[in-house]
Amino acid sequence: MPEPNTVWRPAASLEVLKLRARMIARIRAFFAERGVLEVETPALSAAASTDVHLHSFACRYTGPGDGALYLHTSPEFPMKRLIAAGAGSIYQICKVFRDREAGRLHNPEFTLLEWYRIGFDHHALMEEAAALIADTLAGSRALGTPEKLSYREAFERHCGLDPHTADSAALAAVVRAKAIPLSADPLREEADTLRDLLLTHTIEPQLGRGRVTLLYDYPASQAALARIRPCDPPVAERFEIYLEGIELANGFHELNDATEQRARFLRDLARRSIPGLPAMPMDERLLAALTHGLPECSGVALGVDRLAMLAAGVTSVQDVIAFPIERA
Numbered sequence: 001m002p003e004p005n006t007v008w009r010p011a012a013s014l015e016v017l018k019l020r021a022r023m024i025a026r027i028r029a030f031f032a033e034r035g036v037l038e039v040e041t042p043a044l045s046a047a048a049s050t051d052v053h054l055h056s057f058a059c060r061y062t063g064p065g066d067g068a069l070y071l072h073t074s075p076e077f078p079m080k081r082l083i084a085a086g087a088g089s090i091y092q093i094c095k096v097f098r099d100r101e102a103g104r105l106h107n108p109e110f111t112l113l114e115w116y117r118i119g120f121d122h123h124a125l126m127e128e129a130a131a132l133i134a135d136t137l138a139g140s141r142a143l144g145t146p147e148k149l150s151y152r153e154a155f156e157r158h159c160g161l162d163p164h165t166a167d168s169a170a171l172a173a174v175v176r177a178k179a180i181p182l183s184a185d186p187l188r189e190e191a192d193t194l195r196d197l198l199l200t201h202t203i204e205p206q207l208g209r210g211r212v213t214l215l216y217d218y219p220a221s222q223a224a225l226a227r228i229r230p231c232d233p234p235v236a237e238r239f240e241i242y243l244e245g246i247e248l249a250n251g252f253h254e255l256n257d258a259t260e261q262r263a264r265f266l267r268d269l270a271r272r273s274i275p276g277l278p279a280m281p282m283d284e285r286l287l288a289a290l291t292h293g294l295p296e297c298s299g300v301a302l303g304v305d306r307l308a309m310l311a312a313g314v315t316s317v318q319d320v321i322a323f324p325i326e327r328a
């Protein structure tokens, strides 16, 4: 914690704040050159994320039609409603909020860049995201040619198993062999929890060294809001982007089937009940938009604070945020 007599000062230097401002200007120029529309959507919503790994801040609204509202963990749902209404390719730079997240790479309030491209699959969007990162970091960090690596290839290379066919026992054996600690989380023995442990502790530190790594085609059980490609075994058309061992972005070839999306929300709520997490209200307005029709598109969310951290050559997002949580 900072000393009481200095807590009023920003955590980031003026030089870093100027670098951050230049980065955001470059991002806006990148999208302007491509004809992608900048939009704004509400930070407060009557719905919240049902994802078991995301924790929403709840608020109480006392005006007309008062009730519970939630600060968004991502602008994804209202942005998809805009796309369904005919907005075309869009982007947004905004503050988002996630409870239980603070540390070297996390702050409960942080800046997210999210964009959607009509007619793109996840491979086309990966390439655009890599180009944006290289353009934004130009002048502060030289990058090699991006690396594309499937989720399967990454696990075979660093863990010696196929993550799509390995069962919980096989995954747990590698977790133990690598001395990765298991928490008391009731979900700790699920295959996806074990895959995530191997990814974060063993694989991620190896990714993006000197160049962007594009990790793609996740297990179908980790599809979240992505389409599932019916190969053998099926895979989620999802990707994540890494640089210097740090996850920068998470993207999807977007699911546009309202029935399947509702089923996934319900499965999320069932999983939330296992560790006793509160049930979150599903976004019925998003489901109505999907029923109306979401064009073929892909979307990605990128952490601006982490990108600024890499541009500035510092080791914590707290050093690129003017007033992180302990100074807010």
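Note that the UniProt record's numbering has the sequence shown beginning at 1, numbered continuously upward.
Cβ atoms here follow ideal geometry from the backbone N, Cα and C, with glycine treated the same way.
query = Pick from S45, S56, A85: whose alpha carbon is nearest that of D66?
reply = S45
| request: Quick one: using the 10 Å Cβ neighbour count with 16 as the cut-off for buried, is A12 buried or exposed? | output: buried
Worksheet item: Who are the Cβ neighbours of V7 in its own chain at under 7 angstroms, not counting the five residues just before and after it?
Response: R327
For L266, count neighbouring Cβ atoms within 10 angstroms of its own Cβ and tell me buried if that reaches 16, exposed if not.
-> exposed
* Asked: Based on Cα-Cα distance, which residue from M309, S298, S273, Q261 lies nearest to A288?
  -> Q261
Going by DSSP in three states, K18 sits in which element: helix, strand or coil? helix
Q) Based on the DSSP output, what are the partners of F239 in its beta bridges? A) Y216, G251
Requested in this report: Taking K178 and H201 to be in contact with their CB atoms under 8 angstroms, please state how far apart those CB atoms are, rounded to whole angstroms.
Outcome: 7 angstroms
Please name the residue, chosen from E240, D196, L149, that lies closest to G303 on a Cα-to-Cα basis.
-> E240
* Neighbour-count burial assignment, K80, 16 or more Cβ in a 10 Å radius -> buried
Next on the checklist: Please list the terminal residues of the continuous beta strand (DSSP E) segment that includes I90.
Outcome noted: 90-97
>> Between which residues of its own chain and Q222 is the CB-CB distance below 8 angstroms, once the five residues before and five after are set aside?
In response: D192, R195, A236, R238
| message | For the segment 137-157 against the segment 293-312, do three or more pairs of beta-carbon atoms, one drawn from each stretch, fall closer than 8 angstroms, so that the two count as touching? | response | yes
Is there contact between the segment 57-66 and the segment 112-130, where contact requires at least three CB pairs shorter than 8 angstroms?
-> no
Q.
With a threshold of 8 angstroms on Cβ separation, who are the neighbours of E40 within its own chain once the five nearest residues in sequence on each side are excluded?
A. Q92, C94
With a threshold of 16 other CB atoms inside 10 Å of the CB of Y61, please say whether the residue is buried or exposed.
exposed
| query | Does any residue of chain D bring its CB to less than 8 angstroms from the CB of Q92? | reply | The question asks about chain D, but that chain is absent: this structure has only one protein chain.
Write down every uninterrupted run of the beta strand (DSSP E) in the segment 124-165 whose length is 3 residues or greater and which is fully enclosed by it, in chain order.
147-150
Buried or exposed: which applies to C231, given that a residue is buried once 16 or more other Cβ atoms fall within 10 Å of its Cβ? exposed
Please identify the residue among L171, A29, E147 whose C-alpha is closest to the C-alpha of E156. L171
Do the CB positions of H123 and F97 come within less than 8 angstroms of each other? no
Kindly indicate which three-state DSSP category T111 falls into: helix, strand or coil? strand
- Message: Between the alpha carbons of P205 and I246, how many angstroms are there, rounded?
- Response: 7 angstroms
Other residues of its chain near I321: CB distance less than 7 angstroms, five sequence neighbours each side excluded: A11, A12, N107, D305
Q.
Classify I133: buried if its beta carbon has 16 or more other beta carbons within 10 angstroms, exposed otherwise.
A. buried
Assigned exposure category for residue 358 - 16 Cβ within 10 Å defines buried | The requested residue 358 is not part of the displayed model; the chain covers only 1 to 328.
| said: Can you give me the C-alpha to C-alpha distance between D319 and T291, rounded to a whole angstrom? | reply: 43 angstroms
Review point. Which partner residues does V300 have in the DSSP bridge list?
Key: W115, G251
*asked:* Alpha carbons only, please: which of L215, H158, R211 is nearest the one belonging to L125?
replied: L215
**Item:** 8 angstroms Cβ cutoff met for N250 and L294
**Value:** no
- Query: Candidates D51, G103, P64: which alpha carbon is nearest S316's?
  - Reply: G103
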